[in-house]
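Taken in sequence, the protein lines are chains A and B.
Residue 5 in numbering that gives the first Met the number 0 sits at position 6 of the first sequence; the count goes up by one each step and never skips.
Residue 30 in numbering that gives the first Met the number 0 sits at position 31 of the second sequence; the count goes up by one each step and never skips.
Even for Gly, the Cβ is constructed at its ideal location relative to N, Cα and C.
Bear in mind that the values here come from a model prediction, so they are computed numbers and not experimental data.
This report refers to the structure that appears directly beneath it.
Protein chains: 2
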Amino acid sequence: MKKCLGTHLLVDAWDCPGDLLDDPELVAQAVKDAIRAGDVTLINMSVHQFSPQGVTATATLAESHIALHTWPEHGYLALDIFFCGNKDPRPAIGPIRRTFRVGRIEVRKLRRGIQVETPELVEEKL
Amino acid sequence: MKKCLGTHLLVDAWDCPGDLLDDPELVAQAVKDAIRAGDVTLINMSVHQFSPQGVTATATLAESHIALHTWPEHGYLALDIFFCGNKDPRPAIGPIRRTFRVGRIEVRKLRRGIQVETPELVEEKL
């Protein structure tokens, strides 16, 4: 079986209320809640509010990163959850989905760092 | 035609010298060079060196984000370049590729925020 070094979820979510998406404190809290739900460790977080609208939060994790970008004018958010190792990133989606009352969601799962298959040494009974 | 809100490149690169991948100053400089090559605007950058090895850099951009994670023990790096709008993210790969003397590279391009097609109002000549 091929091994990989991490799992990356690319989440595109629509039909979210624009006022929620344009609130930097809510975005920061939602990312912190996602980090807790994902059982990962925050190293550094950057939150930025754009003019006239939109918020970006990037969280550096001991297990890679979470990034969240919002487009209030489209009721849309783009979420990335990249966890290294065998850590399952799916639980981290829940708090984002609930906080921003997501109507429609698309999740793409990509494996990162897929290692070339190494044949295992097996001893067969003859 | 369907419109999208951004373009995301997921780059997996192998066969890089481990000492280059484990140098946080080199990682920071490579990301800054990528930002310049991509002609985008840096808002905030976080660089972290892990023990016993590995470096992560996350850059918040006016145009979304760049994230770079290195695994020196595998000669591997995972690079994300997410640019909103029509900005082409491909030029930002070059500095990373050169700095870390990448041997083998895989680039996956994903469109983010694909908008549902809206029929245009057309006037036909009858």
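On the three-state DSSP scale, how would you describe Leu25(A)? Annotated three-state conformation of Leu25(A) is helix, per DSSP.
Excluding the five sequence neighbours on either side, which residues of its own chain have a C-beta within less than 6 angstroms of the C-beta of Ala36(B), listed in chain order? Within its own chain, the residues whose Cβ lies closer than 6 angstroms to the Cβ of Ala36(B), once the five positions on either side in sequence are excluded, are Pro90, Ala91, Gly93, Pro94, listed in chain order.
Anticipated Cβ contact below 8 angstroms, Gly74(B) with Cys15(B), distance rounded: Cys15(B) and Gly74(B) do touch by the CB rule: their CB atoms are close to 5 angstroms apart, below 8 angstroms.
Anyone know if the C-beta pair for His7(A) and Asp79(A) falls short of 9 angstroms? Yes.
How would you list, in chain order, the residues of chain A whose beta-carbon sits under 9 angstroms from the beta-carbon of Leu109(B)? By Cβ distance, chain A contributes Leu9, Arg107, Leu109.
In this structure, how does DSSP classify Lys2(B) when only helix, strand and coil are distinguished? Look at Lys2(B) here: in three-state DSSP terms it is coil, with no helix or strand label.
For Gln48(A), which residues of its own chain have a beta-carbon under 8 angstroms away from its beta-carbon, when the five flanking residues on both sides are left out? The beta carbon of Gln48(A) sits closer than 8 angstroms to those of Asp21, Pro23, Val54, all from its chain and outside the five residues before and after it, given in chain order.
Cut-off 7 angstroms between Cβ atoms - residues of its own chain near Ala61(B), not counting five sequence neighbours on either side: Residues of the same chain with a CB within less than 7 angstroms of the CB of Ala61(B), apart from the 5 flanking positions on each side, are Val39, Thr40, Ile42 in chain order.
Go to Arg89(B), then tell me how far its alpha helix (DSSP H) extends in each direction, as first and last residue. Taken as a continuous stretch (DSSP letters only), Arg89(B) belongs to no alpha helix (DSSP H), as it is neither H nor E.
Can you find a C-beta in chain B that's less than 9 angstroms from the C-beta of Cys15(A)? Judged by the 9 angstroms Cβ criterion, Cys15(A) is not in contact with chain B.
Could you please give me the residues that DSSP links to His64(B) through a beta bridge? Per DSSP, Thr59(B), Phe81(B).
Determine whether the beta carbon atoms of Arg147(B) and Ala33(A) lie at a separation below 9 angstroms. Not covered by the structure: residue 147(B). The range shown for chain B is 0 to 125.
Can you list, in chain order, the residues of its chain whose CB lies under 7 angstroms from that of Trp13(A), leaving out five sequence neighbours each side? So the qualifying residues of the chain are Gly74, Tyr75, Gly102, Arg103.
Which residue marks the beginning of the alpha helix (DSSP H) containing Asp18(B), and which one marks its end? Segment 17-20, the alpha helix (DSSP H) holding Asp18(B).
Partner residues on chain A for Ala91(B), Cβ-Cβ distance less than 9 angstroms: Neighbours of Ala91(B) on chain A: none; closest Cβ ~16 angstroms, over 9 angstroms.
In this structure, how does DSSP classify Ile34(B) when only helix, strand and coil are distinguished? In the structure shown, Ile34(B) sits in a helix (DSSP, three-state: H, G or I).
Using a Cβ cut-off of 8 angstroms, pull out every chain B residue sitting near Leu4(A), in sequence order please. Within chain B, the residues Trp70, His73, Tyr75, Ala77 have their CB atoms less than 8 angstroms from the CB of Leu4(A), given in chain order.
Give the DSSP-derived three-state secondary structure of Arg97(B) in the structure shown. Of the three classes helix, strand and coil, the one that applies to Arg97(B) here is helix, per DSSP.
For chain B, check one thing: does any of its Cβ atoms lie closer than 9 angstroms to the Cβ of Thr55(A)? Yes, its Cβ sits closer than 9 angstroms to a Cβ of chain B.
If you draw a straight line from the alpha carbon of Gln114(A) to that of Pro51(A), how long is it in whole angstroms? If you take the alpha carbons of Gln114(A) and Pro51(A), they lie about 44 angstroms apart.
Starting from Asn43(A), find everything on chain B with Cβ-Cβ shorter than 8 angstroms and list it in chain order. Below the 8 angstroms Cβ cutoff, chain B contributes Ser45, His47, Thr57 as neighbours of Asn43(A), in chain order.
Verify whether the separation of the beta carbon atoms of Leu19(B) and Arg100(B) is less than 9 angstroms. Cβ atoms of Leu19(B) and Arg100(B): closer than 9 angstroms.
For Phe99(B), would you say it is in contact with chain A, using Cβ-to-Cβ distances shorter than 9 angstroms as the test? Taking Cβ atoms only, chain A never reaches closer than 9 angstroms to Phe99(B), which makes this a no.
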